[in-house]
Each structure stands twice: as C-alpha cells, then as structure tokens.
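Notes to accompany the following structure.
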Amino acid sequence: MPAMSQDEKEAFLADLHVGVLAINDGANGPLTAPIWYDYQPGGSLWFITGRNSRKGKRLEVGSRVSLVAQTEDAPYKYVSVEGPVTAIDAHDNEILGMAIRYLGEEQGKAYAAASPDSSADAGSGSIVVKVTPERWLTVDYSKG
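Here the sequence shown is numbered in our numbering, starting from 1 and rising by one per residue.
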C-alpha cells in the first residue's frame, strides 16, 4: 500500500476534513462519531464535545482514542491516528475558530453565535479535548 511520509501525514491531517472519532465503550464496540477537529503539524489534535455527551462521558485524561480523516474522491487517501487524551479543559469560546474553519467566516460566526456555548457560561456545556497522535496509519493511492 502506498504510504505517506511523516510530513505528508501531518499536512493531510491538518487539512480540512471531518474526522471520525473512535472511543472505547466498555463491553460494547467502540463509540464512533463524525467530528470537527483541528491539528497543527507537530502538535496536538483537538476537538470540542459536550461534557455530558456520550463521547464526553467516556473521555478522560490518559484514555486512548483514534481518529481517521479521509478523502471522499479517488484517488483515495486517509490518515488514521491513535493516541492518549492529554488534556480536557473547559470550553473557552473555541467554537468560533472551529466553526470558521469548517463553515467559513460568515457562516462560522453565525453558527458560533447560535451555539448554546456562546454565552458567558461557555465552559458549562462543552469541553476541549486534546490528543497526542502516537500511532499513524496512512494510505495515499495517488502514489500507486
């Protein structure tokens, strides 16, 4: 299978993709869900989720998660990362930057303004989860 270099992996993960997050769910199969995320090469991957959501209730510092990002069109490419949750912090209006990343300036601002977490109480409903990618799996069929 055609693989990516480390620089290519990190650049692909940093591009705009909806990720699919997988979290251990006890005796059940993994909990998987699409999620907006952000990543800067060499840094942590991070996302926002509801503190009391199914995802939020299963996350704790030290737990391991996986996230895959992929292209939808041929030639297919994907990057899958796995690693520990390194921090869980109160949400401090990060939704604005994340919404602009995924929706653009105008729609992102409107989305963030309509978010229940846009109030002064922003930290009460959502958390920011940081993950350190340790294990990478990749395929880039444009190389084959």
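Even for Gly, the Cβ is constructed at its ideal location relative to N, Cα and C.
These figures come from a predicted structure and were not determined experimentally.
key: 8 Å Cβ shell around GLY50 - same chain, five flanking residues per side excluded   = GLY56, GLY125, SER126 and ILE127, listed in sequence order.
key: Which of helix, strand or coil DSSP assigns to GLU82   = strand
Alpha helix (DSSP H) segment containing ARG54, residue limits = 54-58
inquiry  = Just to confirm the assignment, what range does the beta strand (DSSP E) spanning ALA69 have?
reply    = 64-70
request  = Look at ALA14 and PRO34 and say whether their C-beta atoms are less than 8 Å apart.
outcome  = No, the pair does not count as a contact, with Cβ atoms beyond the cut-off.
key: CA nearest to the CA of ALA90, picked from TYR39, PHE47 and GLN6   = PHE47
task = Give every residue of the same chain whose Cβ lies closer than 7 Å to the Cβ of SER44, excluding the five residues on either side of it in the sequence, and list them in chain order.
result = Excluding positions up to five away in sequence, the list reads THR86, LYS130, VAL131 and THR132.
message = Buried or exposed, going by whether 16 or more other CB atoms sit within 10 Å of the CB of GLU10?
response = Answer is buried; the Cβ neighbour count reaches 16.
request  = On the DSSP bridge assignment, give the partners of ILE127 in chain order.
outcome  = THR49 and ALA90
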